[in-house]
Each structure stands twice: as structure tokens, then as C-alpha cells.
Amino acid sequence: MAFCPNCEAEYREGITRCSDCDMELVGELTDANKVHDTSEARMIAFQSFKTSAEAELVRDLLEQNGVRAFVEGAEFAILPGSFSGEVVLVVDERDFERAVEVYEAYFNAPADEGQPDNQ
Ligand SMILES: [Zn+2]
85 MAFCPNCEAE
95 YREGITRCSD
105 CDMELVGELT
115 DANKVHDTSE
125 ARMIAFQSFK
135 TSAEAELVRD
145 LLEQNGVRAF
155 VEGAEFAILP
165 GSFSGEVVLV
175 VDERDFERAV
185 EVYEAYFNAP
195 ADEGQPDNQ
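Here our numbering is used: the first residue of the sequence shown is 85, the next is one more, and so on.
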């Protein structure tokens with residue numbers, strides 16, 4: 085038996101490529117060779133913020149660019165004025181580099197255009 089690591093279809097012995105995906109078949113599907121990793125995503129801290137509003141802004145930015153991101157810590161700031169910790173934006177470990185790219189492209193963009201109200 086052979087399996088397509090992409091669509092996980094079964095093929096009979098002797099077939100070497102998936103006709104749908106044009107992927108090399110494997111003898112056995114494992115977490116290591118499956119294209120779609122179904123294991124739990126590992127979320128790692130991306131950046132911390134003083135307010136959840138800032139964190140949400142960056143989260144929206146990342147999500148618009150296909151990066152899974154969550155704001156952590158905001159739920160501890162329900163009471164006005166009681167907020168003393170920090171808000172941490174976490175991203176899927178596999179999306180981390182992409183998140184950095186998106187973040188830097190957005191926040192390190194030349195500031196001489198587009199923000200006339202900035203003082
Ligand atoms: Zn396939």
C-alpha cells in the first residue's frame with residue numbers, strides 16, 4: 085500500500101505518484117511526512133504590548149496576511165485600571181518568520197507618506 089502525503093489517498097502497490105497532487109507516494113503516513121500537519125499547533129510568543137488594543141491591531145494585521153495569531157493576557161484586564169501585566173501576542177510557531185516579515189514590513193515602512201496626522 086502506498087499513500088499520498090498530501091491528500092492522504094491510498095494507492096495500490098506499484099503506483100509511485102498521486103494522480104491528483106503529483107506528489108511522490110510514501111509507504112506509510114507519519115507526522116513527519118504528511119504535508120498537512122494535524123498535530124497541535126505550537127504557539128510561541130511573538131511580541132508583548134502594553135495594551136490589548138495594540139495587540140489586537142497587530143493580530144488583525146497578521147491574520148490578514150494568513151498568520152494565525154492570538155492575544156493572550158487581555159482577559160486579565162477586564163477591570164478598568166486594574167491592568168498591570170502585559171498583553172502577549174502569540175503566533176503559530178510555523179508562522180513565526182512570516183509574522184516577523186509582515187510586522188516589519190508594516191511598522192518599519194517609510195513613515196514619510198500616508199500618515200499626515202502623525203505628530
Ligand atoms: Zn494526493
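Note that CB positions come from ideal geometry on N, CA and C, so glycine has one too.
The structure displayed is predicted, hence computed values, not measured ones.
Taking every residue with its beta carbon within less than 7 Å of a heavy atom belonging to ligand 1 gives, in chain order, Cys88, Asn90, Cys91, Ala93, Cys102, Asp104, Cys105, Met107. Sorting Glu170, Glu181, Met107 by C-alpha distance to the C-alpha of Thr135 places Glu170 at the top.
The alpha-carbon of Ala139 is positioned some 14 Å away from that of Gln148. Remark: C-beta atoms of Val155 and Val186 do not approach each other more closely than 9 Å. Between the beta-carbon of Met85 and that of Glu94 there is about 6 Å, and that keeps the pair under the 8 Å contact cut. Residue pairing by DSSP places Tyr95 opposite Ala86 in a beta bridge.
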